Every structure is written in structure tokens, then in C-alpha cells.
Amino acid sequence: MAKRRYKSEKFKQVDWDAVRERIAGRRIALAVDVAKEDFVASLMDVGQAALLTFSWRHPMETGEVLERIRRLERICQLEVVLEPSGTYGDVLVWQLQQAGIALYRVSPKRVHDAAEVFDGVPSLHDAKAAHLIGRLHLQGASQPWQAPSEARRAMKALESRLNLCKRHEQASCNRLEALLSRHWPELLCVLPLGSMTLAALIGRYGTPAAVACDPGGAAELMRRVGGVGLSEEKIQAVLDSAGTSLGVPAVAAERAHLQWLADEALAAHRAVRQIEREIERHVVQDRVLTSLAMIVGKVSAAVLMAALGSPLDYPEAGSYLKAYGLNLKERSSGKHQGQLKITKRGSPVGRFYLYFAALRLIARDPVVKQWYALKRRRPGAVKTKCVIALMRKLAKALWHAARGAPFDTGKLFNLKAVAAA
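In the working numbering, the protein residues as written are 60 to 480.
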């Protein structure tokens, strides 16, 4: 096999007059490999031959490249195609959409898998990636690039903030747990790690010795923060453990560290609640989100909208299911019959929130609870697979609910057939 070479020229060194003559009146794909700064693009005709591969520095030279693309679009049928690579390509995508230029996207997974297909070499680099993107597009393995709606962009921004605050809260709680295991291990046996009562108590006092010196103030603080959900027995147990703790006495700097971590956890928790309230205000103003919220909750509905877009954007329930990565795959050959498994070629965030929505349905809905119990009684039944089966049904139900269909868990299952199986 002859060795193939993927060479690129600097954008400013290209003879664009010669390029214009070669592509005039033809269908041309401009395949772009997106990076943080070093972009590479390949001009390719319908015969999948690379006419030109060039590179430029983003964003310093992107304005000139865009102007050149606009000029080329006037003399040929130009189609720009690229991978969805985080946010690095968003500026280019936005400018091309504003210019009205045909824009397409190719899955990065397809580009990765095609690395060895055309030249027999498994390597993958910028210039080769641009060639692969162009060839896949010309073979029909691309989709039109759909700009997200303003509603989805708003939900995405809120979901991102919510995720960051939740991570910060969890990280602060984890670090707090490690230090409490050294200085006050008994407290973790009385109050759960994520409770605001624990964080408020440590934020105020820091150490068991400080609590033991002010039992009245500590008790009043716990009653105020814990409310009716915190019993007097637990309050007394905390006070008793403060006076008898086996923990290592903390020096002043260690006490300050404990208080700082507790304050960080409290601040992150308040930020989470504030963002959730903001999300809820957005949800009640949108009919589709309201329909989804009645099934999975307001925050989950907003996150699903951010991760996958509106169910109305999908032509059928199966395509919405596929967007979650919950469609099934099979690996069978000859006498070997493989098991059906979900592909996971979809939004992991969507699957995460849908999983917990399914668990809530199992816990709260009597019909779902009965179906789950019947499935679990089967020989060899696996708990996780039963939950995933419910997730698949729930995803399709969300697609129908977005179109105005009432949600009825009785329509999700044939309990008689499940019981007889």
C-alpha cells in the first residue's frame, strides 16, 4: 500500500485565486478539525479527493478565514462540517450560521473509528482528522448542525451552575468528614454528613471542646437549624459526645480549618437551593417542561432539557430513547448469542437523572412498585437491569407527555404478563 501523507499549508500562504478556479460551480465540503488554537481544514470534492488542506491560528486569523469562506460560498455549493468539540468551535459555528452557510456535524466517535479504515494506519492527527471528517460527510455520515434554542441554552447555563455548586458542596463535605474522623468521630454516628445541622454546628464551634463549653448555645443552634426533623434525643447525644469524645484535640489552625470547611459546605448548599428555585421559576413558564416536571420533578426536567433538548425535537420516541444512550445493542456471531445491552452512546447526565427519577417512581408509585417486585422475583433477575428497563419505558413516556399525553403508570406495563412470565 502506498504511503499517504497529510500535509497542510498556512492559511496566508495559500493561492486562493487558484483554489477559486478549481472549485467554481462544484459541490465542496470544507471539513474543519477544531482545536483550542490550531485549526486545520480540508477542502474536498464529491470524489472525496482533498483539494487543499490548510491551517490557521484561532482566534487571531479566524476573521480572515471566515471572510474567505464567505467568498468561496458565492462561487460553489459549499458545506462546512466539523465535530462538536466542547466550546472551542462555537465561535466558528456561530459566525457560519449568521452567514447562512450550510453547516453539518460528524460524531467524534465515527471519526475515531474511521482512523484505520481508509489508509490502514491507526494514527490520528489534525490534518488526517480533517480528511476523515470530510470523507464521512460526503458519504452521508453527518447531520445538519442544529442551533440550540434560547430555552435550552438557559437551562444548560443553570444546569452547569447547579452541577458546579453540588460538586463543591460534596467536596467540602468529604473533606469535613475526613477531619471529623480525627477530631470528633462520634458526631458522624449521630448526624448525617450532609446535614445542615452538622455544618452549622461545626461552622460555629469547630471542635467538640468548644461545644462542651457552651452546651446551651449549641443546643439552641441545632434546634433552630434542624427544626422539627431533629429530635431532642439526637441533640442530647451530640452534646454528650462533645464531652466524652475520643478525638484528637485540635490546635487553633485545625479548628479554623474545620470551621472554614463547614462554612463552605453551607454556602454551597445555599447556592444549590437558590439555583434550584431559579430553575423552578423557569420550568413553570414552559409548557413542555411543566409536563416533564409532573413525572420526574422540576429540576430533573430542566436538566433533561439542557442535556438532550426538547422531546419535541425528536421525530419518534425511539430517537429520544437513543439520545439517552438507552437503545440496545447486540454482539452475536455464529453460535454465540450475545446479550442485549444498552449502548450508552448518549447523554450520561440524562441517564443519571433519569435513573434517580426511576428509583423515585419505584419508591412512590404502587403500580411501578408492583411491577418492580414481580421483575425482581424472576430467577436470575438483576436489580440494576430492572431499573434500566424502567428507565427505557420512562424515556418514551416523557416523549409522549411532551406532546400532551397524560402520564399513567398503568399504561407502562402489562402486569398480568409480567406475573405470568
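Cβ atoms here follow ideal geometry from the backbone N, Cα and C, with glycine treated the same way. Quantities reported herein were computed from a predicted structural model and do not represent experimental measurements.
- According to the DSSP secondary-structure assignment, I401 is paired through a beta bridge with L387.
- Sequence-distant Cβ neighbours of L257 in its own chain, meaning closer than 6 Å and more than five residues away, are L250.
- R133 has its alpha-carbon roughly 33 Å from the corresponding atom of G368.
- Note that the C-beta distance between T121 and K66 is not below 8 Å.
- Collapsing the DSSP output to three states places A269 in a helix.
- Excluding the 5 residues flanking it on each side, L239 has same chain C-beta neighbours closer than 7 Å at L246, L247, in chain order.
- Taking 8 Å as the cut-off, the beta carbon of A277 is found no closer than this to the beta carbon of L305.
- Just so you know, the alpha carbons of I354 and C135 end up roughly 50 Å apart.
- Across the structure, G253 and L317 are spaced so that their CA atoms are roughly 15 Å apart.
- S101 sits close to H190, with the two beta carbons spaced by under 8 Å.
- Looking from the CA of Q198, the closest CA among A90, D424, R390 belongs to A90.
- Under the 8 Å Cβ criterion, the region 325 to 338 does not count as touching the region 282 to 297, having fewer than three qualifying pairs.
- Within the model, the alpha-carbon separation for A77 versus L195 is close to 26 Å.
- Distance from the Cα of K403 is smallest, within the candidate group I421, L380, L420, for L380.
- Annotated three-state conformation of F411 is helix, per DSSP.
- Cβ-Cβ distances below 8 Å link K168 to R404 in the same chain, with the five nearest sequence neighbours on each side left out; the list follows chain order.
- When secondary structure is reduced to three states using DSSP, V426 falls in the helix class.
- Our two residues, E96 and D104, have alpha carbons roughly 26 Å apart in a direct line.
- Annotated three-state conformation of Q202 is strand, per DSSP.
- Taking a cut-off of 8 Å on C-beta distances, the region 354 to 364 touches the region 201 to 217, as three or more cross pairs fall below it.
- Bounds of the beta strand (DSSP E) holding W115 are 109 to 116.
- A Cβ-Cβ distance of about 19 Å is found for the pair Y163 and S208, leaving them out of contact under the 8 Å criterion.
- Rounded to whole angstroms, the gap between the alpha carbons of A108 and T443 is 48 Å.
- One thing to note: A327 has its Cβ no nearer than 8 Å to the Cβ of S219.
- Around the beta carbon of F472, 16 or more other beta carbons sit within 10 angstroms, so the residue counts as buried.
- A residue is called buried when at least 16 other Cβ atoms come within 10 angstroms of its Cβ; Y431 meets this threshold and is buried.
- Secondary structure at I160: coil, using DSSP grouped into helix, strand and coil.
- Excluding its 5 nearest sequence neighbours in each direction, E339 has C-beta neighbours in its own chain below 7 Å: K357, listed in chain order.
- Under the three-state reduction of DSSP output, D467 falls in the coil class, being neither helix nor strand.
- Per DSSP, the unbroken beta strand (DSSP E) holding E138 starts and ends at 136 to 141.
- Excluding sequence positions up to five before and after A296, its CB lies within less than 6 Å of the CB of V249, all in the same chain and listed in chain order.
- R129 is the residue among R129, A173, H171 whose C-alpha sits nearest the C-alpha of Q157.
- By the neighbour-count definition (other C-beta atoms within 10 Å, threshold 16), W243 is a buried residue.
- Rounded to the nearest angstrom, the gap between the Cα atoms of N222 and G384 is 21 Å.
- Looking at the DSSP output, E68 shares a beta bridge with F113.
- Residue pairing by DSSP places M103 opposite A88, A109 in a beta bridge.
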